[in-house]
Each structure stands twice: as C-alpha cells, then as structure tokens.
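Presented below is the structure to which this report refers.
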Amino acid sequence: MKVSPIICQWYVASLLSPVRVAAEKAIIHHYMDDVLVCAPTDDVLSHALDLTINALVVAGFELQEDKVQRMPPWRYLGLEIGKRTIVPQKLEIRPKIQTLADVHQLCGALNWVRPWLGLTTEDVAPLFNLLKGGEELSSPRELTPEAKEALEKVQHLMSTRQAHRCDPDLPFKFIIMGKLPHLHGVIFQWRNNIKKDQGREDPLLIIEWVFLSHQRSKRMTRPQELVAELIRKARVRIRELAGCDFECIHIPIGLRSGQITKAMLEHLLQENEALQFALDSFTGQISIHQPAHKIFNQDAEFTLNLKDVRSRKPLEALTVFTDASGRSHKSVMTWKDPQTQQWEADVAEVEGSPQVAELAAVVRAFERFPNPSI
Numbered sequence: 027m028k029v030s031p032i033i034c035q036w037y038v039a040s041l042l043s044p045v046r047v048a049a050e051k052a053i054i055h056h057y058m059d060d061v062l063v064c065a066p067t068d069d070v071l072s073h074a075l076d077l078t079i080n081a082l083v084v085a086g087f088e089l090q091e092d093k094v095q096r097m098p099p100w101r102y103l104g105l106e107i108g109k110r111t112i113v114p115q116k117l118e119i120r121p122k123i124q125t126l127a128d129v130h131q132l133c134g135a136l137n138w139v140r141p142w143l144g145l146t147t148e149d150v151a152p153l154f155n156l157l158k159g160g161e162e163l164s165s166p167r168e169l170t171p172e173a174k175e176a177l178e179k180v181q182h183l184m185s186t187r188q189a190h191r192c193d194p195d196l197p198f199k200f201i202i203m204g205k206l207p208h209l210h211g212v213i214f215q216w217r218n219n220i221k222k223d224q225g226r227e228d229p230l231l232i233i234e235w236v237f238l239s240h241q242r243s244k245r246m247t248r249p250q251e252l253v254a255e256l257i258r259k260a261r262v263r264i265r266e267l268a269g270c271d272f273e274c275i276h277i278p279i280g281l282r283s284g285q286i287t288k289a290m291l292e293h294l295l296q297e298n299e300a301l302q303f304a305l306d307s308f309t310g311q312i313s314i315h316q317p318a319h320k321i322f323n324q325d326a327e328f329t330l331n332l333k334d335v336r337s338r339k340p341l342e343a344l345t346v347f348t349d350a351s352g353r354s355h356k357s358v359m360t361w362k363d364p365q366t367q368q369w370e371a372d373v374a375e376v377e378g379s380p381q382v383a384e385l386a387a388v389v390r391a392f393e394r395f396p397n398p399s400i
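Each step along the sequence shown adds one to the number in the numbering used here, with nothing skipped, and position 80 is 106.
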C-alpha cells in the first residue's frame, strides 16, 4: 500500500463502495487514505461517518480520533473548507528564485490555487515568462522587476480572495471577463432571494475561476475563438463538479442598441466554428448583460463585436499585396499608386515566424491607408 498509491486508492475505494450504497444521500470522496464525508443533514452525516469509520477499522486501518475533523474549518487535500467558503491552506511562496527549478515549483503552486483565488493570466504572466528558455533545471534565474511586482500582487490576492461552497438549490452560471488577450471566466451562483435582514450578505457565490492557457496554440487567435475555448473549458468543468450544465452563460457582446436577437446569435455561430462546438447541445440562456456586482464591473473591459469589418463583395478600392519570408525575415507589401500608376513597395525586417512577419505587413497596410477601403 505504501509502495503503490494506485493499489491504495483502489483498495480504499473497494472498502467505501458498500458505504456509498448504504448512505446514498451522502457524498464520500477519498484520495488514498484521506476521506471526506458530506451529507445534507447531521443525521445522515453521522450515519455515513459511522459506517465509514467501521469499514476502515474492520479492514485493519488505524484511525486517530484527533484527526477526525467534525467541526469547521475542515482541511482536505490542501484546502480549508469553511461553512460557506473554500480557501487553499497556507501556501508558502518562496520569493528567493535562483534556478529554473525554483520557477517551476513557484508556477506549479500558483497554477494549483488559481481556480479558487482568481489569479488571472495577466497577473502571473511575468512569473510564467521566467520559464522560457528550455534550459537545464539548474540554470540560473532571478526575478525581474515585473515579476517581483506580480509576486506582491499574488500574495495580496491570496490573503483577500476566496471561493464558495455551492448552494444545491441554485443553478450554475458562467460569465466571461477580462481584456484581450488574457480573457478569463467565473463559474458562479447568484442568490436573488436575500432577505432584508441579510442585506449586507453578498449575493455572489464564486465557485471557480476558469483561465486560458498561458501559451496559445496558434500564432493568431480571434476573440471569438478565445470566448469559445473558455466556454468549452467551463462546460467540461461544471460537468466534472456538479454533473450538469449552466443555466445561463453571460457573453459580453457589444450592441449599439437594443437586445441580442436570435438572428444575431445564429449569425455569430455561423461565422465561427469554434463557438458552434463550444455551445453544442446547450439549452440554457445566452445573456449579454452581467449581474450588478463590483467584481464583474471592475473586470468588464472586453466586449465581443458582432460587426464584420470584411466585405464579402469585391470593393472598388486599392489592392495591396502582402507576403513574408521566414528565412530572410522580410515583411513585404506592394501596391499600384492610383495617381502615378507605378508599383510601390514597403519592405521591413520582422523577427519571428513567417506568420508573424506576414501579419506585420497586413498591419502596416492598414496603418498606411487608414481612410480608404483596401
């Protein structure tokens, strides 16, 4: 058992299987020999706990009574679970970074606490940038000024933020927030029926934060694709957590006036395959309005624009040709001057992949000809 964690996990699961059947209203989680028992009432909890302890003792496990946690906060797998909130147990952050191995350890710890504390990709980017290089783990590293500032912000958020235990009577919702290119989302519940004597109680229950990968899989990613990836990850996660889907997904879509119509939403889906897959079989609501809360208000910089800036018909306009070379790093744009009828060119050297160099040529074309259509 000590030598093989897999055998230990399997063996404890076999012992708890009859208990789960006998106490079907209880939820019993276990990792190795750490067991968490939850139930809707004290009577069900007491019954399930007695069955669990008896099953383990009969199998030869020795339980120390002082390690049986009956009152909050309950500590389980690095988390401290209160009556309403969940926070990671005290995490030791080592500000003294000397090697790449130290950076790996720091970033691994931060990745673990991010879903509960809302450490955005933008918050931790200066720290994750220290991983670049692909060198030996013993290679020297030191915190940059930006990384030191990020670490201070992370330590502040770790002392002030928390997640919440879910309310089984409330549906789950998801909202997309942040600013490009670092969008993120929040799985949450919203209590509409707070009584007058509970007026100061926060209606927002943050269950988990959802983040995109620090490194993008593509050189160029459209905002619609980032939104789709967040929705996909969130829907997978809520099925893992609660076995259900969201009642509502809040997408910050920019409209000049009025509300989003079914035709607008269908057009948005038709234009983006990634969104089609992300929202496949979704039967809930799509809302463009966010609940009134300071957390949502202070992080609501992104809006998804439905306006298509491309023309589907040929334009009576200047034609600009662009190209790039990965070998020479040349980024080229050329066009025929409508006044002189002579071919003009703009050549620049751009570091990076051919895709980046070609994108730079396209950007220069729009910068050189900002007013007329091209």
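The beta-carbon is built from N, C-alpha and C at its ideal position, and this holds for glycine as well.
The model shown is predicted, which means the values in this text are computed figures rather than measured ones.
Assigned secondary structure, residue i (DSSP; H/G/I helix, E/B strand, else coil)
i	result
Asn331	strand
Lys356	strand
Thr309	coil
Lys179	helix
Ala371	strand
Ile33	helix
Ile321	helix
Thr345	coil
Val70	helix
His293	helix
Val47	helix
Cys274	strand
Ile123	coil
Gln215	strand
Phe200	strand
Lys339	coil
Lys93	helix
Rounded distance between the beta-carbons of residue j and residue i, thought under 8 Å
i	j	result
Lys321	Ile279	Checking the sequence, you will find Ile at residue 321 rather than Lys. Actually they do not touch by this definition, with Cβ atoms about 20 Å apart.
Lys205	Glu377	Contact doesn't hold; Cβ gap of about 26 Å is too wide.
Leu252	Leu209	5 Å
Ala371	Thr360	4 Å
Leu157	Cys133	6 Å
Arg110	Arg191	6 Å
Ile400	Ala391	6 Å
Cβ shell of residue i (< 6 Å), same chain only, five flanking positions each side left out
i	result
Leu71	Ala65
Lys222	Residue placement at Lys222 is flagged as unreliable, the pLDDT there being 43, under the threshold of 50; the coordinate-derived value follows with that caveat. Contacts found: none.
Leu196	Gln215
Pro44	none
Glu148	His208
Phe347	Thr360
Ser164	Thr125
Contact under 8 Å by Cβ, residue i with residue j
i	j	result
Glu168	Ile123	yes
Met97	Val139	no
Ile232	Ala189	yes
Ile264	Leu305	no
Gln311	Cys270	no
Val150	Ala176	yes
Leu77	Ala39	no
Val47	Ile54	no
Leu330	Ile277	yes
Val236	Lys199	no
Ala300	Ala374	no
Cβ-based neighbour list, residue i, same chain, cut-off 8 Å, excluding 5 preceding and 5 following
i	result
Gln115	Arg101, Gly104, Leu105 and Glu106
Pro380	Ala350, Ser351 and Gly352
Gln131	Arg120
Cross-strand partners of residue i (DSSP beta bridge)
i	result
Phe237	His210
Arg101	Glu106
Thr111	His190
Trp142	DSSP, once it has assigned bridges, lists no residue as partnering Trp142.
Lys362	Trp369
His56	Val61
Lys231	With the sequence shown as reference, residue 231 is identified as Leu, and Lys is not the correct amino acid for it. Note: Leu231 sits in a beta bridge opposite Gln215.
Pro166	Thr125
Gly280	Asn331
Residue i at chain D interface by Cβ criterion, 8 Å
i	result
Leu209	You won't find chain D in this structure, because it holds only one protein chain.
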